[in-house]
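>
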Amino acid sequence: MSHPSVELDETVHQRVRLGILAVLVESRRVDFVYLRDTLELSDGNLSRHLQILERAGLIRSEKTFERKRPRTWLSVTKAGRAAFAAEVEALRAMLARVDGQTMH
Amino acid sequence: MHGEQAAETLRAVERLRGSARRTGRVFWFPLILFGALMLVSAPLAFAGGVWHGAYWAVAAPAGFLLTGWYGRRRAVDRGFEGRVAPYGFTGLAILVATPLAAEGVSAMSSDAGAAAARGLVVGAGYAVFAWLERDAFLAAGVVAVSAAAVALAFGGADARLVTAVVALALGSVFLGSGVRYKGRYADT
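Line order of the protein sequences matches chains Y and B.
Here the first sequence is numbered in the working numbering, starting from 7 and rising by one per residue.
Here the second sequence is numbered in the working numbering, starting from 138 and rising by one per residue.
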């Protein structure tokens, strides 16, 4: 049986990207500023992580113009939802394995 | 990755998800709105005539549209749009099923039965909302009112009385739940 860490996806596993997906799976869509403030990131840092997630097909972005201002809305794709669920599952499996070893 | 790191990561993920869920909560608005609309409809129901039906023909779609407008406005203000599909479908189902159920029961049974059927459909819809929101207070309220509506109808009560009592009781439950909800999520 392989170690649960093998199941961790490098794209999703990174802490900030996992945080982005955690917020997006609870929403229909979220704007860039909300994500930036919630995750306490700089514009540049958030943009880099969003690009990686979008290139992997895990999120999608939509640019709109609201109240005379440009705005970027982000949402999670079906693949992103599945990748997030798999990541959480792998983390739980890892934790269960450690708990099991501690009890023996 | 060690177990302790995995545990910390999972805790951080759950904190973020919980915070996002709280941000997305706008359910107090339709509860208070439809609670108030229900209470206003009670005297019209008791008075009888066409006014009660005419009132709901305007108030129900208007309330539905107003809720959509509020949700949209709040999403733009906050930069966060919660998941709306389950709420929208349930609201639409209540709008469509309530008159159909009342017509169906009225043809087979009595006007009091039709009044109880209306209350049951609205109650069932709000039970779905209560489940979506994990709100035991709202669930208990709508189940109690639905049971009372059936008991009144089977007890031979007048249709106008059943409709008025259901409107008063459901209106109070919705309003109470909405105010409670608004208090719990003060920043919403």
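We put the CB at the ideal spot given by N, CA and C, even for glycine.
Since we're looking at a predicted model, the values are computed, not measured.
Can you tell me which residues form a DSSP beta bridge with Y:Val36?
Your numbering for residue 36 of chain Y matches position 30 in the first sequence. In the DSSP output, where bridge partners are listed per residue, Y:Val36 has Y:Leu80, B:Phe217.
> Could you have a look at Y:Arg23 and say whether DSSP puts it in helix, strand or coil?
Within the first sequence, the letter at position 17 stands for residue 23 of chain Y. Three-state DSSP puts Y:Arg23 in a helix.
> Could you check where the alpha helix (DSSP H) with B:Ser246 kicks off and where it finishes?
Within the second sequence, residue 246 of chain B is the residue found at index 109, counting from 1. First-last for B:Ser246: undefined, no H or E at that position.
> Quick check on Y:Leu24 - is its C-beta less than 8 Å from some C-beta in chain B?
Counting from one through the first sequence, the residue named residue 24 of chain Y turns up at place 18. Judged by the 8 Å Cβ criterion, Y:Leu24 is in contact with chain B.
> Which bits of chain B does Y:Arg98 rub up against, with CB to CB less than 9 Å?
As a position in the first sequence, residue 98 of chain Y is number 92, starting the count at 1. Here the neighbours are Ala143, Leu147.
> Applying the criterion that 16 or more other CB atoms from any shown protein chain within 10 Å of the CB defines a buried residue, is Y:Asp49 buried or exposed?
As a position in the first sequence, residue 49 of chain Y is number 43, starting the count at 1. When all chains shown are included, Y:Asp49 counts as exposed.
> In chain order, what residues of the same chain have a beta carbon less than 8 Å from the beta carbon of B:Leu257, not counting five sequence neighbours either side?
For the purposes of this step, residue 257 of chain B is taken as residue 120 along the second sequence, with counting starting at 1. Within the same chain, and ignoring the five residues on either side of B:Leu257 in sequence, the residues whose Cβ sits closer than 8 Å to its Cβ are Ala238, Ser283, Ala286, Val287.
> Is it buried or exposed for B:Gly315, if we count other Cβ within 10 angstroms and need 16 for buried?
What you label residue 315 of chain B is simply residue 178 of the second sequence in a count that begins at 1. Burial state of B:Gly315 is buried, judged by a 10 Å Cβ sphere holding 16 or more other Cβ atoms.
> When the cut-off is 8 Å and only beta carbons count, does Y:Thr17 lie next to chain B?
One-based indexing of the first sequence puts residue 17 of chain Y at position 11. No, because no Cβ of chain B sits closer than 8 Å to the Cβ of Y:Thr17.
> Secondary structure at Y:Ser67, three-state DSSP: helix, strand or coil?
Counting from 1 along the first sequence, the entry for residue 67 of chain Y is found at position 61. Y:Ser67 falls in the strand class under three-state DSSP.
> Mind listing, in chain order, the continuous alpha helix (DSSP H) runs of no fewer than 4 residues lying wholly within the stretch 248-324 of chain B?
248-270, 273-291, 296-321
> Which residues in chain B sit within 9 Å of Y:Leu80, going by Cβ to Cβ distance?
Counted from its first residue, the first sequence places residue 80 of chain Y at position 74. Per Cβ cutoff of 9 Å: no residues; Y:Leu80 is ~10 Å from chain B at best.
> Taking only beta-carbon positions, decide if Y:Gly106 is within less than 8 Å of chain B.
What you label residue 106 of chain Y is simply residue 100 of the first sequence in a count that begins at 1. No - not a single Cβ of chain B is within 8 Å of the one on Y:Gly106.
> Taking Cβ-Cβ distances shorter than 8 Å, what residues in chain B pair up with Y:Leu101?
On the first sequence, residue 101 of chain Y is found 95 positions in, with the first residue counted as 1. Result: Gly140, Ala143, Ala144, Leu147.
> Spell out whether any CB of chain Y is found under 8 Å from the CB atom of B:Ser314.
Locating residue 314 of chain B in the second sequence gives position 177, counting from the first residue. Closer than 8 Å: no.
> Anyone know if the C-beta pair for Y:Ile58 and Y:Leu41 falls short of 8 Å?
Residue 58 of chain Y sits at position 52 when you count from the first residue of the first sequence. Residue 41 of chain Y sits at position 35 when you count from the first residue of the first sequence. The answer is no: Cβ separation not under 8 Å.
> Here's the rule I'm using: 16 or more other beta-carbon atoms within 10 Å means buried, otherwise exposed. How should B:Met245 be labelled?
Locating residue 245 of chain B in the second sequence gives position 108, counting from the first residue. Looking at its Cβ environment, which holds fewer than 16 other Cβ atoms inside 10 Å, B:Met245 is exposed.
> Check whether the Cβ of Y:Gln20 lies closer than 8 Å to any Cβ atom in chain B.
Counting from 1 along the first sequence, the entry for residue 20 of chain Y is found at position 14. No, Y:Gln20 lies away from the interface with chain B (no Cβ there is under 8 Å from its Cβ).
> Does any residue of chain Y bring its CB to less than 8 Å from the CB of B:Ala157?
One-based indexing of the second sequence puts residue 157 of chain B at position 20. Judged by the 8 Å Cβ criterion, B:Ala157 is in contact with chain Y.
> Distance cutoff 8 Å, beta carbons only. Does Y:Ser33 sit that close to anything in chain B?
As a first step, residue 33 of chain Y is located in the first sequence; it is residue number 27 there, counting from the start. With 8 Å as the cut-off, Y:Ser33 counts as an interface residue toward chain B.
> Look at B:Pro223 and B:Leu275 and say whether their C-beta atoms are less than 8 Å apart.
Counted from its first residue, the second sequence places residue 223 of chain B at position 86. Counted from its first residue, the second sequence places residue 275 of chain B at position 138. Contact flag unset, no.
> In terms of DSSP beta bridges, what is Y:Arg75 paired with?
Sequence index remark: in the first sequence, residue 75 of chain Y carries index 69 (1-based). BP columns for Y:Arg75 point to Y:Glu72.
> Given a limit of 8 Å on CB to CB distance, which residues of the stretch 277-303 of chain B reach chain Y?
none
> Let me make sure I understand the geometry here. Which of B:Arg152, B:Arg159, B:Phe183 has the alpha-carbon closest to that of B:Val302?
To locate residue 302 of chain B, count along the second sequence from 1; it is residue 165. With distances taken between Cα atoms, B:Val302 lies closest to B:Phe183.
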